[in-house]
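The working numbering applies: residue 466 is where the sequence shown begins, and numbers increase by one. We put the CB at the ideal spot given by N, CA and C, even for glycine. Structure first, commentary second.
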Amino acid sequence: MPQILCLTDLIAAGKLTGKRVFIRADLNVPRDAAGQITDDTRIRASIPAMTAALAAGAAVMVTSHLGRPIEGQLKPEDSLAAVAQRLGELLGRTVPLIRDWVEEGVELAPGQLVLLENCRANLGEKKNSDTLAQKMAALCDIYINDAFGTAHRAQASTHGIAKYAPIAAAGPLLAGELSALARALEQPKRPLVAIVAGSKVSTKLTILKSLAHKVDQLIVGGGIANTFLLAAGLPIGKSLAEADLLSEAKAIMELMQQRGASVPMPLDVVTAKTFSASAQPEIKPAHAVAEDDLILDLGPASMSQLTALLAKAGTIVWNGPVGVFEFDAFGDGTKALAQAIATSDAFSIAGGGDTLAAIAKYGISDQIDYISTGGGAFLEFLEGKALPAVEVLMTRSVSGT
Numbered sequence: 466m467p468q469i470l471c472l473t474d475l476i477a478a479g480k481l482t483g484k485r486v487f488i489r490a491d492l493n494v495p496r497d498a499a500g501q502i503t504d505d506t507r508i509r510a511s512i513p514a515m516t517a518a519l520a521a522g523a524a525v526m527v528t529s530h531l532g533r534p535i536e537g538q539l540k541p542e543d544s545l546a547a548v549a550q551r552l553g554e555l556l557g558r559t560v561p562l563i564r565d566w567v568e569e570g571v572e573l574a575p576g577q578l579v580l581l582e583n584c585r586a587n588l589g590e591k592k593n594s595d596t597l598a599q600k601m602a603a604l605c606d607i608y609i610n611d612a613f614g615t616a617h618r619a620q621a622s623t624h625g626i627a628k629y630a631p632i633a634a635a636g637p638l639l640a641g642e643l644s645a646l647a648r649a650l651e652q653p654k655r656p657l658v659a660i661v662a663g664s665k666v667s668t669k670l671t672i673l674k675s676l677a678h679k680v681d682q683l684i685v686g687g688g689i690a691n692t693f694l695l696a697a698g699l700p701i702g703k704s705l706a707e708a709d710l711l712s713e714a715k716a717i718m719e720l721m722q723q724r725g726a727s728v729p730m731p732l733d734v735v736t737a738k739t740f741s742a743s744a745q746p747e748i749k750p751a752h753a754v755a756e757d758d759l760i761l762d763l764g765p766a767s768m769s770q771l772t773a774l775l776a777k778a779g780t781i782v783w784n785g786p787v788g789v790f791e792f793d794a795f796g797d798g799t800k801a802l803a804q805a806i807a808t809s810d811a812f813s814i815a816g817g818g819d820t821l822a823a824i825a826k827y828g829i830s831d832q833i834d835y836i837s838t839g840g841g842a843f844l845e846f847l848e849g850k851a852l853p854a855v856e857v858l859m860t861r862s863v864s865g866t
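Structure representation (structure tokens):
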């Protein structure tokens with residue numbers, strides 16, 4: 466894990482007593498048409514940082530983005546009011562919601578907790594305005610970033626404020642995510658197996674290239690697998706693929722082979738004539754796909770091969786389902802994959818929206834060692850990109866501030 470000052474370090478050193486602590490959380494929860502929260506997972510996950518700071522004698526202010534508000538125009542649908550109410554229910558206390566907090570400031574005493582309105586409604590947030598960041602930093606003695614999901618964005622509440630706050634540190638969620646990712650990619654127990662699946666190679670090409678230098682087995686699925694099948698000279702019928710990226714797929718396979726690693730090709734696939742939940746599935750050898758076939762899942766022989774690989778793995782990184790698991794007739798591959806990861810002795814880390822949906826569908830969340838809620842930040846970490854919100858905390862830690 467990168468060397469970063471953490472909230473736990475500050476608490477252990479007794480540095481929160483009587484201090485104003487500003488926590489940037491990720492409370493961007495899904496809501497229904499009526500504005501009601503449909504899943505409070507992110508709120509629950511953010512509570513430990515708040516309760517730890519309060520217990521250490523701090524005055525705590527928390528903010529988050531929600532949705533995509535227009536800067537300078539806080540509309541009712543962009544308000545954190547529902548979040549404040551749910552947070553209060555979970556904490557067993559009233560959580561005041563503060564508007565216009567940048568210009569008017571925040572008055573609170575140790576032991577108090579307030580929620581600051583949607584930070585993305587502030588002018589200059591997305592452009593990482595120094596002026597806005599300095600105003601935010603002036604509100605606190607200590608800044609805590611506990612929002613890994615926004616760590617790939619250099620914005621005023623995730624990056625700028627960390628430059629100007631007297632002390633800047635990572636919260637438990639951010640620290641935990643970085644630790645798990647470092648364990649999986651920087652100091653993995655071998656063999657290291659990565660599963661990268663999705664509809665297009667182009668959206669995950671940089672991830673595939675980055676992992677090709679690190680992993681022992683690179684399992685591809687979904688539309689991505691179709692492009693690799695085509696690159697290997699196998700028929701894919703009318704399946705989704707990107708013919709213009711065949712050279713890239715071949716280069717990845719050649720690189721893996723040169724390293725003594727591999728991209729295991731599917732042995733069989735599940736096809737249908739139409740993309741539909743009611744389509745009739747047919748299992749075929751990978752070399753026998755007809756011109757009018759759509760490949761919608763990996764077949765049982767393919768999954769037996771992959772299950773054997775996962776059983777021997779030391780570390781597993783999972784991003785993406787291997788088939789159209791939303792259709793039950795084409796979900797067996799992803800279900801088998803999920804169960805193989807769940808029963809493996811390997812350290813497993815999973816991330817990405819579709820992956821989380823598959824984990825929930827097959828009920829294996831308790832059997833994955835670390836489930837990343839980072840979304841874009843998770844993917845950019847896999848790509849090997851620097852995360853601005855993490856970089857600034859590293860800089861502050863190195864400088865001793």
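- By the neighbour-count criterion, in which a residue is buried when 16 or more other Cβ atoms sit within 10 angstroms of its Cβ, ALA649 is buried.
- Judged by DSSP secondary structure, ALA640 falls within the alpha helix (DSSP H) whose first and last residues are 637-650.
- A buried status is given to HIS530, since no fewer than 16 other beta-carbon atoms sit within 10 Å of its beta-carbon.
- Annotation for ASP757: GLY702, LYS703, LYS738 place their beta carbon closer than 7 Å to its own, counting only its chain and skipping 5 residues before and after.
- Annotated three-state conformation of ASP762 is strand, per DSSP.
- ASP762 sits buried, since 16 or more C-beta atoms from the chains shown fall within 10 Å of its C-beta.
- When the Cα atoms are used, GLN723 and PHE843 turn out to be separated by approximately 28 Å.
- Exposure of ARG509 is indicated by the presence of fewer than 16 other C-beta atoms within 10 angstroms of its C-beta.
- Taken through DSSP and simplified to helix, strand or coil, SER767 comes out as helix.
- Contact fails between the segment 805-820 and the segment 622-633, because fewer than three Cβ pairs, one in each stretch, are under 8 Å apart.
- Beta-bridge partners of TYR629 (DSSP): none assigned.
- Counting the other CB atoms within 10 Å of its CB gives ALA677 a total of 16 or more, which places it among the buried residues.
- Here VAL658 is not near LEU673, since their CB atoms are 8 Å or more apart.
- As computed with DSSP, LEU683 is found in a beta bridge with ALA659.
- From the listed residues ILE607, TYR629, LEU604, ARG585, the smallest Cα separation to THR615 is found for ARG585.
- At a cut-off of 3 residues, the continuous stretches assigned as beta strand (DSSP E) that sit fully inside the segment 562-608 are 578-581.
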